[in-house]
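Novice:
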Amino acid sequence: MIKNKQALLRLIELIAFIIAFIILSTQLMNALVIKGHSSEARMYDVYEGYAQNSDVLFIGSSHAGQLVGRNLWRDYGIASYTIAGNSQPIDVTYHSIVEFLKHSDPKVIMVETALIPDDNMETPDTEYEGRIQSDAAFRYSVNYLKLASAQIKNFNLPLKTEGIQLLYKWPLMHDRYSSLTKDDFVIDTPYLVSDTLPLYSVPEEEAEIVTSEERAPISDIGRNYLDKTIKLCKEKNIQLVLFHTPYPAPETTLAQQNTISDIAAENNVPFIDFNYLVDEIGFDIHTDQARDLNHVNLSGGEKITDYLGKYLIENYGIKDHRQDPGYETWDKDLKAWQVLQLKESFEKTNNIAEWSDLFAGQLSNYMVILTLSGDYTSESDGSIQSILEKAPVPEDFYEKGGTVILYRGNILYYSGGCETYSYSHKFENAVVSIDRVASGSEDSPFEDGIYIWNENYIINSDGLNVTIYDDSLDIVVDSIGVDACPDEGKLIRNEID
Amino acid sequence: MFITYQLLFPLVFIILLLEFIVPKKIRSFLLLALSFFLYYICGTASFYILPAMGVVSYASTMAMKKLGSQTAKKVILFSSITVIVGLMLAFRYTGIKNAAPLGLSFFALEAISYISDCYTGKIETENNPLYVLLYIAFFPTVISGPIERGGNLIPQFKKLDSCSRKDLLDINRLCDNAIIIIFGMFVKLVIADRLSIVSNTIFSTYYRYGTTVLIIGAISFGMQLYCDFMAYSHIALGIAGMFNIGIMDNFKAPYLSVSVTDFWRRWHISLSSWLRDYVYIPLGGNRKGKLRKYLNTFITFVISGIWHGSGLSFLVWGCLHGLYIMIENLLTDIGLMKKDKSSIPFGGRFLRAIVTFVLVDFAWIFFKADSTKIACAYIKQMFTVKDFWILSDMNKFFSFGLGIQEVLILITALLILAGMDFVTYKNNLRVDSWLKIQGPVFRVIFTLAILLFTIVFGIYGETVDPATFYYMSF
């Protein structure tokens, strides 16, 4: 009897343990699992349900990632999602589509074709095999097992070593705890973090985009997965479109893409090879191609995106969802994209006059912290005043110094001439705090500075400091310092994340 | 290839389920078949040696039982032991070195103890070959011990074949053993494998460093070896316990020992008790005067050194321990060292524990170094090249494979281990039985904490193969 009672109590303890373990480990896994970053296919947001309202899936190698999904939303209201990784092979692409379809019901799938005939597939290297385990970030499923067993078979992976590791997928990488970022805990902008980072460079050498009439064979694996993709889309009644972004490709690549074009035609699948459309979309290799002569840069990406936006609306009647409920995340992502573009513009500007013009136009959108410190009036050439004139700061600010915080154009805080002050404001996503100590004071418990996430944004101790912060997205748009008498009208700038 | 945890634990679960399903009379048979199967898929060389060892043990003991003449028994005893020892030496010192089967050093000693115990009548000769074979091949202990005794295991196998299904699936026992396994995994993956990064870094490039770093290297290796082997022993103990087979607790907080003699009562207990029973006592033990006692002790440790490895460095290591014990015996005999350690106050115990650790750790340098020459160079450098300022240079201090974050994780884990070692040794309890006293809430929280700690901070992945335990190389 006693023994039975003991056993029962232990059973209850075991059940409590298992429940607690499941809850805690699920939370831990959510944080620790590799979500993928800008150069990898990111499935995590799909699993989290962010893709469920998307109408269009863009998928393929990094060439697909260079398109600008945010522009599709801005200009056409097309809700799209991108799964693109550097050198993402076709088998990963195919199984990613299968995985995507479990969570979303897209009307069109746009498959980018650069890696379909990949020569690597005939002689796979270890890097290829490693990519499946980490980068694609598949969850364990029958679909994943099919991918893993296909790779073991296709690439003769030894079952006892790499094979078993693939089949028995351990979701965590060792020392993952040392590389966690905010993105591992809070997914603010799911589509933006799934996109590949835009490129801004241009070619440094002469090159030309050409076409060819030749045909060249593609790998058996590539062909097999292309057929499977076509079949899958037909079965699911989803429109498949193949596309290839423009670049000065070698002859073999052009001939292989022609072979893909033939296969597409046989199956009544549209194939858009932008090498043939450079004139139509106004693609200029000198301004629209990246330095690597392989990818398109942001400008090129925008041109292709614009073409595809029109193409999708004209041919498949993709709806404009901009006013529809359930698409707020796309709006938020667009806003974040615009902030990042603005950040890019600010960071490219080092001239005070240009910078202050840009600054003046953004005052109503962000929080702006202006701090005058040290000997900011001596030998002044008027640079500081020229910036302050553009902001609605109190009239005596230049005279008294200290800190003014503007929130979307209104004064949130003004230190009003105090030498020592402390102020803190909590936003939804972060805390901004200011601790100012009179010069020479050693008594203050604070370190002098303007802190966001405990990072000090005071750059210049003698002059003006301006920090522009987006509180809804928790992004520091820019943070600069201006000397009372700046060197050649230049800003002082620290590297910021 | 060794079996990885990912394979081992599901396999244990399946075997347990099978044991539950099959008719109880064939449980041992099934365990034997699966033990051979697991041993086989480990990818060992000379697989046949394991069953052959079982056959030799069974045949020789049965022959001794059948034969009336004491001389004939003796002949069989010595010839069978000679064959086994010859085999061990052949696989260690001759050209067939690379064909040595996994765990030979461990299961050969088990065979010797079984044959000797049957000869001396300490245990009854087992008539059923199945149990003898299973004793030799029992999968939790076959590769790295603990070196078990037939007198302990064989009756338990018989009990397994007769116990009810309810007893087999006793939830208390299963949960307790799961806790032991989790604790073992924690010590192995979080501590031992992290320490191995430091010790491997320092030992492989020892010539770059001075006193401080080389001391850190030696301490790291001493702790690594303990954690690695203790973890293995815990995992083996837990797995065997899952099948209701109780095996020896191989470690009892050895680094809290107050003398080297004390250390050997608490370190690799299954080997030291084996050496005591089958080497030291047959040599005469302490029955033939003090001088012989010292000599016997020394010989025992030399044999221990030889057992551990073929290089001269292992012999030096064994000799060092032999010397330590001889000196301790001498000091005790002349009254300079207290024999009754329970009368030593805390401060004294603490200092003696440090001295013992220093002595043992110094000897480990020979254990870890690739050769005696390297060990000597390491020691020479340790005593002659000053680098104390490195303690102020944090960049250098954290450049031995572990950054500050890693060191903090390691220290946290070491504190948990030290605490657990202290309370379990003090109360003479195992981890599971100590936790039982603390109540179910603490038990659940503690187990969850170390399990999650292991999942997050365990070293697994490309750099360290978690399935290889240090003692498997012996």
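So the protein sequences, as listed, match chains A and B. Under my numbering, the first residue of the first sequence is numbered -15, with each subsequent residue one higher. Under my numbering, the first residue of the second sequence is numbered 202, with each subsequent residue one higher. The beta carbon of each residue, even a glycine, is placed where N, CA and C say it ideally should be.
1. Secondary structure at A/Q11, three-state DSSP: helix, strand or coil?
2. To the nearest angstrom, how far is the alpha carbon of A/T66 from that of A/M351?
3. Using only alpha-carbon positions, find the residue among A/C469, A/P101, A/L129, A/G44 that is nearest to A/I202.
4. Measuring straight from C-alpha to C-alpha, what distance separates B/R350 and B/E311?
5. Where DSSP assigns a beta bridge to A/D419, which residues make up the other side?
6. Take A/N299 as the anchor and find which of A/V30, A/V40, A/S445 has the nearest alpha-carbon.
7. Going by alpha carbons, who is nearest to A/W57 out of A/N251, A/G473, A/K384, A/I297?
8. Could you check which residue in B/L560, B/I610, B/W508, B/I535 has the C-alpha nearest to that of B/L653?
9. Taking the CB atoms as reference points, tell me whether B/I337 and B/G255 lie closer together than 9 Å.
10. Using 9 Å as the limit for Cβ to Cβ distance, is B/R644 near chain A?
11. Please report the straight-line C-alpha distance between B/V556 and B/S460, rounded to a whole angstrom.
12. What residue from A/H409, A/L238, A/G61, A/I464 has the CA that sits closest to A/W314's CA?
13. In chain order, what are the residue ranges of uninterrupted beta strand (DSSP E) at least 3 long that sit wholly in the region 158 to 237 of chain A?
14. Cα-Cα, which of A/L354, A/T451, A/K410, A/T97 is closest to A/H228?
15. Judging by CA-CA distance, which residue of A/L85, A/S45, A/F169, A/N70 is the nearest neighbour of A/L12?
16. Check the DSSP bridge columns for A/R477 and list the partner residues they point to.
17. Report all residues from its chain with a CB closer than 6 Å to the CB of B/V286; omit the five preceding and five following residues, and keep chain order.
18. Are three or more beta carbon pairs between the region 235 to 252 of chain A and the region 281 to 294 of chain A nearer than 8 Å?
19. Per DSSP, what kind of secondary structure is A/A486 in: helix, strand or coil?
20. Can you tell me which residues form a DSSP beta bridge with A/Q273?
21. Got a sec: is the Cβ-Cβ distance from A/R392 to anything in chain B below 9 Å?
22. At the level of alpha carbons, what is the spacing between B/F464 and B/L552?
23. Any Cβ of chain B within less than 9 Å of the Cβ of A/T107?
24. Please say whether A/S370 and A/S417 have beta carbons closer to each other than 9 Å?
25. Within the 9 Å Cβ cut-off, does A/H158 reach chain B?
26. Who are the near neighbours of A/G433 in its chain, counting only those whose CB is closer than 7 Å to its CB and skipping five residues on each side?
27. Using the beta-carbon of each residue, which ones in chain A are nearer than 7 Å to B/V657?
28. Using DSSP's beta-bridge definition, name the partner residues of A/T355.
29. Report the option in A/G33, A/G53, A/Q72, A/G69 whose CA atom is closest to the CA atom of A/D89.
30. Between which residues of its own chain and B/I660 is the CB-CB distance below 8 Å, once the five residues before and five after are set aside?
31. Taking the straight line between their C-alpha atoms, what separation do you get for B/F452 and A/S163?
32. Considering only the beta carbon of each residue, do A/P232 and A/I269 sit closer than 9 Å?
33. Indicate whether B/T412 and B/F584 have their beta-carbon atoms separated by less than 9 Å.
34. Whole angstroms is fine: what's the gap from B/G512's alpha carbon to B/I348's?
35. So, helix, strand or coil for A/Y350, using DSSP?
36. Would a check of beta-carbon distances place B/D371 closer than 9 Å to chain A?
Specialist: Judging by the given coordinates:
1. helix
2. 31 Å
3. Nearest to A/I202 by C-alpha distance, out of A/C469, A/P101, A/L129, A/G44, is A/P101.
4. Between B/R350 and B/E311, the C-alpha separation is close to 6 Å.
5. A/S406, A/G433
6. The shortest Cα separation from A/N299 among A/V30, A/V40, A/S445 belongs to A/V40.
7. A/I297
8. B/I610
9. yes
10. yes
11. 8 Å
12. A/G61
13. 223 to 228
14. Distance check between A/H228 and each of A/L354, A/T451, A/K410, A/T97 places A/T97 closest, using alpha-carbon atoms only.
15. A/F169
16. Looking at the DSSP output, A/R477 sits in a beta bridge with A/I464.
17. none
18. no
19. Residue 486 of chain A cannot be examined here, being either before or after the span of chain A that is shown, -15 to 481.
20. According to DSSP, A/Q273 bridges with A/V280.
21. no
22. 14 Å
23. Residue placement at A/T107 is flagged as unreliable, the pLDDT there being 44, under the threshold of 50; a coordinate-derived value is accordingly withheld.
24. The answer is no: Cβ separation not under 9 Å.
25. yes
26. Contacts found: D419, N440, I442.
27. Ordered by position in chain A, the residues that pass the 7 Å Cβ test against B/V657 are L12, L16, Y161.
28. Bridge partners of A/T355 according to DSSP: A/T387, A/N449.
29. A/G33
30. L390, V391, D394, R395, I398, P667
31. 36 Å
32. yes
33. Between B/T412 and B/F584, the C-beta spacing is below 9 Å.
34. 22 Å
35. coil
36. Closer than 9 Å to some Cβ of chain A, the Cβ of B/D371 qualifies, so yes.
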